[in-house]
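Numbering (my numbering), first residue to last: 490 to 647.
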């Protein structure tokens with residue numbers, strides 16, 4: 490079970506998100522408004538959907554690359570017109586010397602090339618299948634991650 494602080498954060502987030510629309514959310518999910526309202530109460534025994542998602546993400550992070558582990562969150566953000574980006578304050582793997590910046594630039598170039606290659610390969614038969622789209626998304630996410638690290642590394646050199 491999550492610690493009290495985590496539970497309180499999730500409860501506050503769900504209270505904020507569901508305030509005034511618990512009946513509509515309940516109807517859309519086939520749940521009672523009371524169930525939806527309980528997600529905003531930290532003292533509940535059951536885990537909220539947010540707590541469950543956090544557990545899934547933590548386990549995935551232990552077993553997968555970050556861009557794969559975060560795939561559900563990337564999808565959700567994209568569906569609402571947003572994009573996930575790493576928090577600069579949390580990133581500790583940003584290189585600080587010029588050689589590291591050059592290595593990061595090289596890695597970004599390789600990752601971007603792999604994304605382009607996945608797209609071009611998928612277009613060979615003029616139809617992009619679901620598996621090919623998954624590959625393109627994964628390669629693009631890896632390229633974006635590498636380019637973001639390059640950008641941060643370059644800023645660290647200023």
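For glycine and all other residues, C-beta sits at the position ideal for the given N, C-alpha and C.
Going by CA-CA distance only, name the one from the options that's closest to residue i.
i, options, result
"residue 572", "501, 634, 594", "634"
"residue 509", "518, 500, 498, 526", "526"
"residue 591", "551, 639, 528, 632", "639"
Note down, in chain order, each residue of its chain lying with its Cβ closer than 6 Å to the Cβ of residue i, except the 5 sequence neighbours on either side.
i, result
"residue 516", "none"
"residue 630", "556"
How is the alpha helix (DSSP H) around residue i delimited, first residue to last?
i, result
"residue 605", "587-611"
"residue 645", "619-645"
"residue 526", "522-527"
"residue 504", "493-507"
"residue 531", "Neither: residue 531 is in no alpha helix (DSSP H) and is coded neither H nor E."
"residue 516", "511-518"
"residue 555", "555-558"
"residue 648", "The structure shown does not extend to residue 648, since the chain is modelled only from 490 to 647, so the question has no answer here."
Can you give the beta carbon distance from residue i to residue j, rounded, assuming they're within the 8 Å contact cut?
i, j, result
"residue 528", "residue 521", "Not really, about 12 Å apart at Cβ, beyond 8 Å."
"residue 607", "residue 636", "Actually they are not in contact, since the Cβ atoms of residue 607 and residue 636 sit about 16 Å apart, beyond 8 Å."
"residue 502", "residue 539", "6 Å"
Could you tell me the alpha carbon to alpha carbon distance between residue i and residue j, rounded to whole angstroms?
i, j, result
"residue 610", "residue 568", "26 Å"
"residue 513", "residue 494", "28 Å"
"residue 593", "residue 642", "8 Å"
"residue 533", "residue 500", "9 Å"
"residue 595", "residue 615", "31 Å"
"residue 623", "residue 604", "11 Å"
"residue 523", "residue 531", "14 Å"
"residue 438", "residue 626", "For the chain, the structure presents residues 490 to 647; residue 438 sits outside this window and is missing."
"residue 492", "residue 612", "48 Å"
"residue 584", "residue 519", "Bear in mind that the predicted position of residue 584 carries a pLDDT of just 49, short of 50, making it unreliable; the figure below should be weighed with that in mind. C-alpha separation (whole angstroms): 49 Å."
Excluding sequence positions up to five away, which residues of its chain have a Cβ less than 8 Å from the Cβ of residue i?
i, result
"residue 587", "646"
Within its chain, find whatever has a CB closer than 7 Å to the CB of residue i; leave out the 5 residues flanking it on each side and keep chain order.
i, result
"residue 600", "631, 632, 635"
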